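Enquirer: Let me give you the structure first, and then I'll get to my questions.
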Amino acid sequence: KAGVTQTPRYLIKTRGQQVTLSCSPISGHRSVSWYQQTPGQGLQFLFEYFSETQRNKGNFPGRFSGRQFSNSRSEMNVSTLELGDSALYLCASSFTGMGTNEKLFFGSGTQLSVL
Amino acid sequence: DQQVKQNSPSLSVQEGRISILNCDYTNSMFDYFLWYKKYPAEGPTFLISISSIKDKNEDGRFTVFLNKSAKHLSLHIVPSQPGDSAVYFCAASSHSGGGADGLTFGKGTHLIIQP
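Protein sequences, first through last, are from chains A and B. Taken in order, the first sequence gives residues 1 to 115; the numbers are from my numbering. Taken in order, the second sequence gives residues 1001 to 1115; the numbers are from my numbering.
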C-alpha cells in the first residue's frame, strides 16, 4: 500500500509569490491534515479536510488555504509569501480523522524556502 | 501559549539502557495522546498512543504512561537501540464535540543512543 505522497519535495520561492503544495493520501483515507514544521515552533496544525470540506482549522492567517478533491487528494496554497513561511509542510492522512483510535500517517513533506 | 511541552530538547542514552522521554500538557480537554518518531528528511511516523481512560499502554519495547492529575506523560524505551536515535514528538488531541481538533505537538526531543 503506497504511503502519503507529497509533491514537490523542495521548493524555492521569493517574497510576495504564491505557492501550491500537493498531497495524495493513503488509498481509502478520507481525512487529510496539513502541518507546518519550523525549528522554533515545532509542528503546528494548519487545517484538516474531510469529504472536500474543511472541518478544522488552526491559528494561521487567511493567506494559508487549502482544498480537497473528490478523490481525497488535497492541495495547500500560500499567497503573498513571507520569509517566515519558510518551513517543512507536512501532510497527514487517516481514515476519518475522528475517534480516539485514529492514527495519522505523514508524508515526507515539502521543504519550502522563501527568499 | 504552548499547550504541549517537551522540556528536554535532547537526551543521550547508552545502548541497552532505558530511555525516558517526558511530556507535559496544560489543556485538560486533551483526551488522546500520541508519540511520533521522526528521522531527518522524513515525515513523523506513529509510535504509540494512549487514551485518557488508560494510564499505561505497552507495545514491545515502547511503553507510554499517562498521569492525568499531573498532566504528564512519558515514553519509555527498553532496551534502547541505535535505530531509536531520532526526534520524538509528543502530541495530544481533543475529541470534544465528536471530531478531532487537530493534533497539538510538542517541539520534540532529540534522542541520541550512544554505542
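C-beta: ideal position from N, C-alpha, C; glycine also. Just so you know, these numbers come straight off a predicted model, no measurement behind them.
Check this for me: beta carbons of F105/A and S31/A, under 8 Å apart or not?
Expert: The count along the first sequence starts at 1 and reaches residue 105/A at position 105. The count along the first sequence starts at 1 and reaches residue 31/A at position 31. In this structure, S31/A does not lie closer than 8 Å to F105/A by Cβ.
Enquirer: Closer than 8 Å is the cut-off here; do at least three beta carbon pairs connect the stretch 1078-1093 of chain B with the stretch 1002-1021 of chain B?
Expert: Short answer: they touch.
Enquirer: Could you tell me the distance, in whole angstroms, from the CA atom of L1111/B to the CA atom of K1056/B?
Expert: Position 111 of the second sequence holds residue 1111/B. Position 56 of the second sequence holds residue 1056/B. Between L1111/B and K1056/B, the C-alpha separation is close to 22 Å.
Enquirer: Quick check on G1097/B: does DSSP put it in helix, strand or coil?
Expert: As a working mapping, residue 1097/B is identified with position 97 in the second sequence. Because the pLDDT of G1097/B is 49, which lies under 50, any placement of that residue in the model is unreliable, and the question is left without a value.
Enquirer: Decide yes or no for the touch test of the stretch 13-21 of chain A against the stretch 68-88 of chain A: beta carbon pairs closer than 8 Å, at least 3 of them.
Expert: Touching, per the Cβ criterion.
Enquirer: Is the shortest distance between the beta-carbon of F122/A and the beta-carbons of chain B less than 8 Å?
Expert: In the structure displayed, chain A extends from 1 to 115; residue 122/A sits before or after that span and is not available.
Enquirer: Over what stretch of residues does the beta strand (DSSP E) that includes Q1114/B continue unbroken?
Expert: Taking the first residue of the second sequence as position 1, residue 1114/B is located at position 114. Looking at the DSSP string, the run of the beta strand (DSSP E) that includes Q1114/B is 1109-1114.
Enquirer: With a CB to CB cut of under 6 Å and the five nearest residues on each side skipped, what residues in its chain are close to N56/A?
Expert: Indexing the first sequence from 1 puts residue 56/A at position 56. E48.
Enquirer: Excluding the five sequence neighbours on either side, which residues of its own chain have a C-beta within less than 6 Å of the C-beta of L1075/B, listed in chain order?
Expert: Position 75 of the second sequence, counting from 1, holds the residue named residue 1075/B. L1021, W1035, V1064, listed in sequence order.
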